[in-house]
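Scroll down for the structure; my scribbles are underneath it.
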Amino acid sequence: MAERTSILAPFRHETFRTLWAATLMSNLGGLVQSVGAGWMMTTLTTSHNMVALVQASTTLPIMVFSIAAGALADNFDRRSVMLVAQAGMALVSLSLAITAWMGLLNPWLLLTFTFLIGCGTALFNPSWQASMGDIVPRDDLPGAVTLNSMGFNMMRSVGPAVGGMIVALAGASAAFAVNALSYLTLIAALWRWQPKRTKSRLPRERFGSAMLAGVRYMSLSPNLLTVLFRGFLFGFAAIVIMALLPSVAEEYVGGGALVYGTLLGCFGLGAIGGAFLNGRIRQRFSNEVIVRLACLGFAASCLGLGFSRDALLSHLVLLPAGACWVLSLSLFNVSIQLSSPRWVVGRALSLYQTATFGGMAGGSWIWGLTADATDPQWALVVAGGVLLVCCGVGFVLPLPQFNDRDLNPLGTFNEPLLKLDLRPRSGPIMVMIDYEIAQEDISRFLALMSDRRRIRIRDGARQWSLLRDLEKPNIWVESYHVPTWVDYVRHNLRRTKADADNTEQLRALHRGEGLPHVHRMIERQTVPLDDTTPLRDSPEIGA
Numbered sequence: 423m424a425e426r427t428s429i430l431a432p433f434r435h436e437t438f439r440t441l442w443a444a445t446l447m448s449n450l451g452g453l454v455q456s457v458g459a460g461w462m463m464t465t466l467t468t469s470h471n472m473v474a475l476v477q478a479s480t481t482l483p484i485m486v487f488s489i490a491a492g493a494l495a496d497n498f499d500r501r502s503v504m505l506v507a508q509a510g511m512a513l514v515s516l517s518l519a520i521t522a523w524m525g526l527l528n529p530w531l532l533l534t535f536t537f538l539i540g541c542g543t544a545l546f547n548p549s550w551q552a553s554m555g556d557i558v559p560r561d562d563l564p565g566a567v568t569l570n571s572m573g574f575n576m577m578r579s580v581g582p583a584v585g586g587m588i589v590a591l592a593g594a595s596a597a598f599a600v601n602a603l604s605y606l607t608l609i610a611a612l613w614r615w616q617p618k619r620t621k622s623r624l625p626r627e628r629f630g631s632a633m634l635a636g637v638r639y640m641s642l643s644p645n646l647l648t649v650l651f652r653g654f655l656f657g658f659a660a661i662v663i664m665a666l667l668p669s670v671a672e673e674y675v676g677g678g679a680l681v682y683g684t685l686l687g688c689f690g691l692g693a694i695g696g697a698f699l700n701g702r703i704r705q706r707f708s709n710e711v712i713v714r715l716a717c718l719g720f721a722a723s724c725l726g727l728g729f730s731r732d733a734l735l736s737h738l739v740l741l742p743a744g745a746c747w748v749l750s751l752s753l754f755n756v757s758i759q760l761s762s763p764r765w766v767v768g769r770a771l772s773l774y775q776t777a778t779f780g781g782m783a784g785g786s787w788i789w790g791l792t793a794d795a796t797d798p799q800w801a802l803v804v805a806g807g808v809l810l811v812c813c814g815v816g817f818v819l820p821l822p823q824f825n826d827r828d829l830n831p832l833g834t835f836n837e838p839l840l841k842l843d844l845r846p847r848s849g850p851i852m853v854m855i856d857y858e859i860a861q862e863d864i865s866r867f868l869a870l871m872s873d874r875r876r877i878r879i880r881d882g883a884r885q886w887s888l889l890r891d892l893e894k895p896n897i898w899v900e901s902y903h904v905p906t907w908v909d910y911v912r913h914n915l916r917r918t919k920a921d922a923d924n925t926e927q928l929r930a931l932h933r934g935e936g937l938p939h940v941h942r943m944i945e946r947q948t949v950p951l952d953d954t955t956p957l958r959d960s961p962e963i964g965a
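Per my numbering, the sequence shown starts with residue 423, numbered consecutively.
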């Protein structure tokens with residue numbers, strides 16, 4: 423048991439070790455680039471808002487494009503998606519380095535390049551995070567997420583300092599060139615990785631339908647919605663430190679690019695400490711208590727950084743901020759992954775990123791405007807107040823605990839024997855299930871049906887309804903529609919082992935002979951003179 427709960431347990435898996443090590447270099451390059459971009463903006467303009475927009479331009483694409491990237495992660499080979507994303511970011515970073523070296527950068531061109539790099543990150547992240555469930559078993563998933571965060575923050579502890587030195591010695595163009603080269607290690611590791619591929623029995627979901635399915639699943643999962651809202655609120659407020667740290671380093675601490683890098687390094691060191699304490703803290707406290715403490719700790723760091731004019735104190739107050747950052751964000755991430763079945767986990771993670779990074783992008787802009795209107799100190803103070811609000815929201819919308827619900831596919835569905843020669847796109851399909859329910863069981867039946875309705879719609883059903891026979895009031899009929907036959911099959915294959923309990927309880931209430939009878943019918947919206955759907959010579963498994 424001790425080995426299972428250890429944060430280092432995922433290192434038992436060779437694939438995880440290799441990819442994790444490769445991401446260190448990629449993260450290092452990204453942080454060096456971030457220092458170069460942030461500091462170059464301070465040399466191109468005196469506007470606090472433009473400095474803060476460097477952070478916003480990196481996070482905004484994650485908010486805008488993550489849902490589409492999640493649909494790609496769930497419907498295409500994740501390794502291929504990640505390779506395309508990494509190659510694209512390498513090319514953009516190389517172009518940025520050349521443009522900076524030639525002295526052609528201006529504030530808006532710099533924001534354009536950082537925006538394009540953010541687009542690559544938006545494409546990469548859902549596939550990368552969803553792949554964790556393919557690389558390590560469920561028991562090691564919290565540790566894998568924490569180790570990924572710790573690896574990033576290990577580089578954050580040294581990367582900004584390295585970036586500061588590179589900028590101070592060779593200029594921002596050299597920092598951008600280092601980032602372009604850093605992608606090569608991860609590209610090579612992904613190229614060597616050969617994940618197991620399972621051939622789907624169904625055609626790939628249409629892109630628009632896949633995105634809608636992810637939104638629908640999330641909207642009908644109250645616990646996931648709570649995680650999204652708390653992630654948005656925390657990201658909106660906590661990004662203030664990252665957004666305004668270049669201004670703080672220049673105006674309050676009185677340092678250059680190197681001091682800015684060491685301040686970021688202290689934030690990263692705190693995050694590493696938070697990662698190592700993560701397992702112990704999760705054992706002692708509930709998820710909600712951890713998030714409340716993280717909000718309070720980060721708020722205190724915001725106030726300390728805002729009022730400090732001493733270099734040493736400013737570095738020290740960033741240590742707890744880093745720890746609170748990793749404790750909160752890793753907890754949100756794990757909550758999403760453990761509460762989503764594999765068929766939709768990429769889209770669930772992408773929606774989480776949309777909410778959290780959307781909050782960060784909006785926060786970067788708002789705190790930049792606040793700093794311009796007043797000064798960075800008061801922007802940090804107001805952001806600290808928002809973090810206190812985030813803490814208070816937990817009393818109304820507490821973060822759910824991890825649970826042991828088995829979200830693996832139920833795997834018991836077999837396509838029925840059909841006597842009509844349907845095609846995959848044949849439809850629309852109407853399904854009706856007959857139940858015979860005793861009068862004394864109706865209250866229990868309706869409670870189960872309320873949950874059944876949510877499950878059905880969540881997994882793709884439309885126009886769900888429950889009917890009661892007026893002449894035989896013990897007869898109840900559940901009905902719903904799906905657009906096509908292949909959508910009906912996909913709907914049933916999405917059922918998880920955790921959903922089986924609802925089905926078993928409904929069957930136990932059924933007083934008729936055998937199982938509840940299922941009617942599967944193809945609709946005709948008009949009345950044709952001939953039915954052109956051919957009969958089969960003999961019953962076969964439906965296609």
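Beta carbons are placed, not taken as given, at the ideal position from N, Cα and C, and that holds for glycine. Keep in mind it's a predicted model, so treat the numbers as computed, not measured.
- Nearest in C-alpha terms to His932, of all of His941, Ile855 and Gly790, is Ile855.
- Assignment of Ser901 by DSSP, reduced to helix, strand and coil, places it in the strand class.
- For the pair Cys688 and Leu809, the CB atoms are not nearer than the 8 Å cut-off.
- Per DSSP, Tyr857 lies in no alpha helix (DSSP H) segment; the continuous beta strand (DSSP E) that holds it begins and ends at Ile851 to Glu858.
- Taking all protein chains in view, the Cβ of Gln508 is crowded by 16 or more other Cβ atoms within 10 Å, so the residue is classified as buried.
- When DSSP reads this structure, Arg884 sits in a beta bridge with His903.
- Considering only Ile851, Leu957, Glu858 and Arg890, the residue with the shortest C-alpha distance to Glu945 is Ile851.
- Look at the segment 678 to 708 and you find no whole run of beta strand (DSSP E) that is 3 residues long or longer.
- A straight line joining the alpha-carbon of Arg884 with that of His903 spans about 5 Å.
- Below 8 Å, too few C-beta pairs join the segment 546 to 559 and the segment 668 to 676 to call them touching: fewer than three.
- In the DSSP annotation of this structure, the continuous segment of the beta strand (DSSP E) that includes Val940 starts and ends at His939 to Ile944.
- When the five nearest sequence neighbours on each side are left out, the beta carbons in the same chain lying within less than 6 Å of the beta carbon of Val600 are those of Gly451 and Val454, in order along the chain.
- Excluding five sequence positions before and after Gly806, the CB atoms of its chain that fall closer than 6 Å to its own CB belong to Ala721, Cys724 and Leu725, given in chain order.
- With a contact defined as Cβ atoms closer than 8 Å, Val649 and Leu821 qualify at about 7 Å.
- Sequence-distant partners of Asn497 (beyond 5 residues in either direction) whose C-beta falls short of 8 Å from its own C-beta, in its chain, are Arg626, Glu627, Phe629 and Ala632.
- Under the three-state reduction of DSSP, Thr796 is assigned to coil, being neither helix nor strand.
- If the five residues before and after Ala544 are omitted, its C-beta is found closer than 6 Å to the C-beta atoms of Pro483, Ile484, Phe487, Ser488 and Ala491, all from its own chain and listed in chain order.
- As the crow flies, the alpha-carbon of Gln927 is around 8 Å from that of Leu870.
- Counting along the chain, Leu829 sits inside no alpha helix (DSSP H), nor does DSSP assign it H or E at all.
- Between the alpha carbons of Cys813 and Leu718 lies a gap of roughly 7 Å.
- The Cβ atoms of Val815 and Leu655 lie closer than 8 Å to each other.
- Contact between the segment 580 to 594 and the segment 429 to 447 is not established, with fewer than three Cβ pairs separated by less than 8 Å.
- Relative to Thr465, the option among Val506, Pro668, Trp613 and Leu591 whose CA is nearest is Pro668.
- Taking a contact to require three or more Cβ pairs closer than 8 Å, the segment 734 to 741 and the segment 835 to 849 do not qualify as touching.
- Leu646 sits in a helix when the DSSP states are folded into three classes.
- Nearest Cα to Ile758 within the set Arg764, Ala770 and Trp747: Ala770.
- When secondary structure is reduced to three states using DSSP, Arg847 falls in the coil class, being assigned neither helix nor strand.
- One Cα belongs to Ser901, the other to Val853, and the distance between them is close to 6 Å.
- DSSP, read as helix, strand or coil, puts Leu606 in helix.
- By the C-beta criterion, the segment 785 to 793 is judged to be in contact with the segment 658 to 667, since at least 3 inter-stretch pairs fall below 8 Å.
- Listed in chain order, the alpha helix (DSSP H) elements of length 4 or more contained wholly in the segment 490 to 537 are 500 to 523.
- Residue range Phe629 to Ser641 is occupied by the alpha helix (DSSP H) that includes Leu634.
- The alpha carbon of Val818 has as its nearest neighbour, out of Gly540, Cys541 and Phe651, the alpha carbon of Phe651.
- Following the DSSP letters along the chain, one finds Leu840 inside the beta strand (DSSP E) bounded by residues Leu839 to Leu842.
- For Thr918, the three-state secondary structure derived from DSSP is strand.
- The shortest C-alpha to C-alpha distance from Leu518 to any of Phe754, Gly565 and Phe598 is the one to Phe598.
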